[in-house]
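For reference, the structure discussed in these notes is given below.
In UniProt numbering, the protein residues as written are 1 to 432.
The following block contains the structure:
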């Protein structure tokens with residue numbers, strides 16, 4: 001999308017208090033977004049932090065959008081300091097969610113830097129996103145209405161006759177949404193897991209049996225809904241010429257993912273029992289011990305598969321005739337007894353032999369990988385899903401975005417240093 005620079009007048013030589021040249025600024029930044037990428041020409045200004053919104057904008061950047069990430073001078077996005085697991089320096093969360101972006105370090109409490117941000121939005125932004133604490137953007141004059149009015153006041157109509165502000169897409173992520181009794185309540189991933197009922201169905205039975213999901217599932221859910229809603233808003237704007245405001249709630253995003261257990265507990269019924277790594281209502285579907293201390297995961301989804309498992313793998317035809325095991329519900333009700341039978345039979349074979357027998361019989365199964373097992377997964381390697389992305393500490397492996405068209409080159413631009421693109425962006429704005 002071609003963006004016309006507004007013709008309104010304003011000071012063009014504002015001194016940015018944070019625009020210090022870093023060694024990586026020695027050469028002008030080259031925006032690597034070939035025109036065949038779906039979002040080539042779309043510019044997103046991102047006042048973002050931690051995981052949820054950075055994940056959304058990284059996916060948009062993967063599709064060719066230009067993402068300008070606003071960070072604190074010096075320290076940057078505070079998630080940069082959550083760990084240093086990547087080459088002893090970079091944070092795992094940050095590396096995952098911030099490739100393909102430009103970093104502009106601004107102290108937005110400083111009037112000069114705030115003016116730079118507003119100029120950037122007015123002149124460049126198709127989309128503005130933020131996931132600050134509830135109400136903070138509005139207090140700083142960066143809410144949807146304020147930015148929309150400012151863009152309209154500072155610019156002429158665009159080529160299609162619409163005012164620039166009226167075309168703005170504005171997306172926010174918060175814990176609970178912009179209204180309602182929880183609107184200003186602080187929210188973090190684990191707290192949303194609790195509010196959304198996730199902790200009632202994870203772990204094992206007992207007072208101390210609850211377990212959090214091992215990755216940031218609430219942040220991820222909100223980020224993915226921001227991503228798809230922004231895509232929808234871009235398509236809608238092509239039809240109507242007008243932008244919109246998007247209000248994404250972490251709670252609503254995760255509750256949507258809880259659809260099965262919610263309906264399982266419909267109209268006051270009890271929810272799924274905590275079942276550890278096994279399925280709460282389908283059995284056998286989970287981990288089983290083998291000889292040599294190994295484990296395999298297997299899943300049986302219907303009566304045909306159960307009969308195959310019992311007769312061809314377990315070699316126990318009698319199990320198919322036992323009333324305790326003749327339906328999904330009855331097998332689940334008697335899972336302890338059935339688990340003992342299956343693990344007892346599997347104990348005569350090691351995990352590789354059990355897996356071979358399951359494969360031969362056509363029973364779904366999986367290896368319980370650790371993280372190194374995933375890095376080395378033969379399927380990802382065979383499908384050539386790994387690329388390299390540059391960082392401050394050199395090139396590292398990065399997974400291509402799932403589902404990318406083979407006609408579009410995977411975008412793997414650098415994970416930026418704090419303020420790496422200050423000079424190039426300020427020069428572009430005429431504010432250096």
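Glycine included, C-beta positions come from ideal geometry on N, C-alpha and C.
Can you tell me whether DSSP reads residue i as helix, strand or coil?
i	result
residue 155	coil
residue 419	coil
residue 204	coil
residue 45	strand
residue 132	coil
residue 412	coil
residue 163	strand
residue 86	strand
residue 127	strand
residue 71	strand
residue 406	coil
residue 315	coil
residue 147	helix
residue 184	coil
residue 343	helix
residue 272	coil
residue 38	coil
residue 22	In this prediction, residue 22 scores a pLDDT of 40, lower than 50, which makes its location untrustworthy; no coordinate-derived value is stated.
residue 425	helix
residue 236	helix
residue 122	helix
residue 114	helix
To which residues does DSSP link residue i through a beta bridge?
i	result
residue 244	169
residue 398	387
residue 297	287 and 366
residue 66	43
residue 249	174
residue 440	An answer regarding residue 440 cannot be provided, because it is not within the stretch 1 to 432 covered by the chain.
residue 337	DSSP output for residue 337 lists no bridge partner at all.
Answer with buried or exposed for residue i, where buried requires no fewer than 16 other C-beta atoms within 10 angstroms of its C-beta.
i	result
residue 102	buried
residue 419	buried
residue 356	exposed
residue 371	exposed
residue 85	exposed
residue 125	buried
residue 59	buried
residue 415	buried
residue 188	exposed
residue 228	exposed
residue 95	buried
residue 306	buried
residue 325	buried
residue 148	buried
residue 240	exposed
residue 167	buried
residue 421	buried
residue 321	exposed
residue 109	exposed
I'd like to know whether the C-beta atoms of residue i and residue j end up nearer to each other than 7 angstroms.
i	j	result
residue 98	residue 38	no
residue 300	residue 284	yes
residue 61	residue 100	yes
residue 171	residue 230	yes
residue 120	residue 67	no
residue 73	residue 105	yes
residue 83	residue 75	no
residue 459	residue 183	Nothing about residue 459 can be read from this structure; the chain reaches only from 1 to 432.
residue 354	residue 290	yes
residue 444	residue 192	Absent from the structure is residue 444, since the part of the chain shown begins at 1 and ends at 432.
residue 247	residue 141	no
residue 398	residue 404	no
residue 226	residue 173	yes
residue 190	residue 212	yes
residue 292	residue 350	yes
residue 221	residue 257	yes
Does chain D have any CB closer than 7 angstroms to the CB of residue i?
i	result
residue 424	The structure shown has no chain D; it contains just one protein chain.
Which residues mark the beginning and the end of the beta strand (DSSP E) in which residue i is found?
i	result
residue 104	101-105
How far does the alpha helix (DSSP H) with residue i in it extend, from its first residue to its last?
i	result
residue 355	351-361
residue 371	371-375
residue 194	189-195
residue 305	303-308
residue 382	378-382
residue 263	259-264
residue 92	92-97
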